[in-house]
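Heads up, the thing below is written out as structure tokens.
2 protein chains.
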Amino acid sequence: MKTRGNGKQRGEPVAVDFGKLPGYIGYQVRQAQSAIFRDISRSLRATGVTPGEFSLLAMLRANPDINSITLARIYQLDKATLSLSIKKLVKRGLISSTRSANDRRFYSLRLTPEGSEVLRRVTRHIERQESAMDAVLAPGERAMLIGLLTRVARAFDR
Amino acid sequence: MKTRGNGKQRGEPVAVDFGKLPGYIGYQVRQAQSAIFRDISRSLRATGVTPGEFSLLAMLRANPDINSITLARIYQLDKATLSLSIKKLVKRGLISSTRSANDRRFYSLRLTPEGSEVLRRVTRHIERQESAMDAVLAPGERAMLIGLLTRVARAFDR
DNA sequence: TATTGTTATACTCTATAACTATA
DNA sequence: TATAGTTATAGAGTATAACAATA
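Here it is in structure tokens:
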């Protein structure tokens, strides 16, 4: 069943036993995430925006004046991690960070016009990738997959 | 082992608009992967084995004498990346790497007895997590989710 | 005292490039 | 020439800890 170690590998498919791995949701989610990430990273390379940054820009468009602590809570990242991501996007001119007048501990984050433009461009790549996934899904399966993933993720929230 | 997200930023729910993000499969897979990874990293901390290393150990159990190039192809990682992972596991005494007699360019990888024991212990944690996911899924939904994820991942495999 | 945010530091994971050994 | 594997180096992403500013 398993033919390896015989010097026959030439890049052709190799018969490999995956054991119980394919039956694990954790394994399959990881594999899917890797495949999706590799694909979108290639598409986005020219934009200089990573998938995580896309998500941040999209949140800023939907929630102008959001602050970094709120974003850190949403993504369950340390505030220091968000601080670095934000600094990079500010330096690139894609977002603005202005101290709030009411409570001067906060910085209000917003997309700049250039950030909006980059977000539009990135969104086109993202939606092209989503269409590629629809091509292998039957009607209704996208909604089903999203529902299942949401429930699984929530099983570990809190 | 560093883990992502330690809950420090958790607070009360904040009213936030996620825009179109929740409708993207890429976004949802990423969120699910993060949640699953954070949870299992906590469980595995004491074993010193990461989720990726679990996957490697499981492949070695199912495919004794597999070599690193084959593993690199399977996981679409560079051979240099696999080389480092393997070196670490060899140093920890969990796997052995012995030069193949037929073709001395190859190294045959195998679990050591200690590696087998660690794999058993880690597998118990993994399967406990999988059970936690089953608790939020109806009968048949695990198979459905796995099938959908597999098809989506394959949509990007070459 | 508590909260928001920054900086310094370190660890993991990954790739690229240059290398050795073997075929 | 081609393949398997290692090492050096670098970059992205993350966390922890210590800090400053503000409430």
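In order, the protein sequences belong to chains A and B.
For the numbering used here, count along the first sequence from 1 and bump the result up by 1408.
For the numbering used here, count along the second sequence from 1 and bump the result up by 1408.
By construction, the Cβ of each residue, glycine as well, lies at the ideal position given by its N, Cα and C atoms.
Exclusion of the five residues before and after B/Lys1487 leaves Ser1476, Ile1477 and Ala1480 as the residues of its chain whose Cβ lies within less than 7 angstroms of its Cβ. Under the 10 Å beta carbon count, B/Pro1459 is surrounded by 16 or more other beta carbons and is classified as buried. Between A/Asn1471 and chain B, the shortest Cβ-Cβ separation is below 8 angstroms.
Proximity to A/Arg1469 across B/Phe1564, B/Ile1554, B/Asp1425 and B/Glu1549 peaks at B/Asp1425, based on C-alpha coordinates. Rounded to whole angstroms, the separation of the alpha carbons of B/Gln1537 and A/Leu1502 is 39 angstroms.
A direct Cα-Cα distance of roughly 27 angstroms separates B/Arg1550 from B/Val1526. Per DSSP, the unbroken alpha helix (DSSP H) holding A/Ser1463 starts and ends at Pro1459 to Ala1470. With respect to A/Phe1445, B/Asp1447 sits apart: the two C-beta atoms are not nearer than 8 angstroms.
With a cutoff of 8 angstroms on beta-carbon distance, A/Glu1461 and A/Ser1493 are scored as near each other. Rounded to the nearest angstrom, the gap between the Cα atoms of A/Pro1472 and A/Ile1554 is 26 angstroms.
For B/Ile1474, no alpha helix (DSSP H) encloses it, and the DSSP letter there is neither H nor E. Taking C-beta atoms as the reference points, B/Val1530 and B/Leu1452 count as a pair closer than 8 angstroms. Ranked by how close their Cα comes to the Cα of B/Ala1543, the residues A/Arg1532, A/Tyr1515, A/Ala1509 and A/Arg1562 have A/Arg1562 in first place. Residues of chain B with a Cβ closer than 7 angstroms to the Cβ of A/Leu1429 are, in chain order, Ser1463 and Ala1466. Non-local C-beta neighbours of B/Ser1505 in its own chain, meaning closer than 7 angstroms and more than five positions away in sequence, comprise Ile1494, Val1498, Tyr1515 and Leu1517, ordered along the chain. Here the C-alpha atom of B/Gln1436 lies approximately 10 angstroms from the C-alpha atom of B/Ser1442.
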